[in-house]
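To start, the structure under review is shown below, and the notes come after it.
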Amino acid sequence: TPVDEQLTSQVACAFQTAAVDVLTRKTMRAAEAEGLERIVVAGGVASNSGLRKRFAELAQETGRQVFFPRPLLCADNAAMLAVAGEHYLSQGMRSGLDLNAVSSWPLEQVVHP
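Count the sequence shown with the numbering used here and you get residues -18 to 94, in order.
In structure tokens, the structure reads:
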């Protein structure tokens, strides 16, 4: 049977609400733990109007400043990564198929060729 459109909308709304809640709460908790008064939200996620609205509300409540680029500048990084990959490939630099993403890689450990 086809999925009911109303149910699909409700599930999507519930997911977005949960995602926005987690992202904003964790960000604000980290800002407090680190003593930060200013937060920059950037990248593709920063174009989400629900996320922007919730961050603005929390900024008002906590006295922190939250900054967003204009939505036009909140592009996905995939194109930039593709260009960087092409550059490395054209220089003969390759990674093995065992290359893996490291979500918590400290920047000072990143090797720049």
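All C-beta atoms, glycine included, are put in the ideal place defined by N, C-alpha and C.
- Residue 25 holds the alpha-carbon nearest to the alpha-carbon of residue 61 among 35, 25, 74.
- Within the segment 8 to 44, the complete beta strand (DSSP E) segments at least 3 residues long are 19 to 21, listed from N- to C-terminus.
- Per the coordinates, the alpha-carbon of residue 77 lies some 34 Å from the alpha-carbon of residue 0.
- Per DSSP, residue 47 is not a residue of any alpha helix (DSSP H); the beta strand (DSSP E) it occupies stretches across 46 to 48.
- Within 10 angstroms of the beta-carbon of residue 74 lie fewer than 16 other beta-carbons, which makes it exposed.
- For residue 73, no alpha helix (DSSP H) encloses it, and the DSSP letter there is neither H nor E.
- Within 10 angstroms of the beta-carbon of residue -10 lie fewer than 16 other beta-carbons, which makes it exposed.
- The beta carbon of residue 33 lies closer than 8 Å to those of 22, 27, 49 in the same chain, with the five residues before and after it left out.
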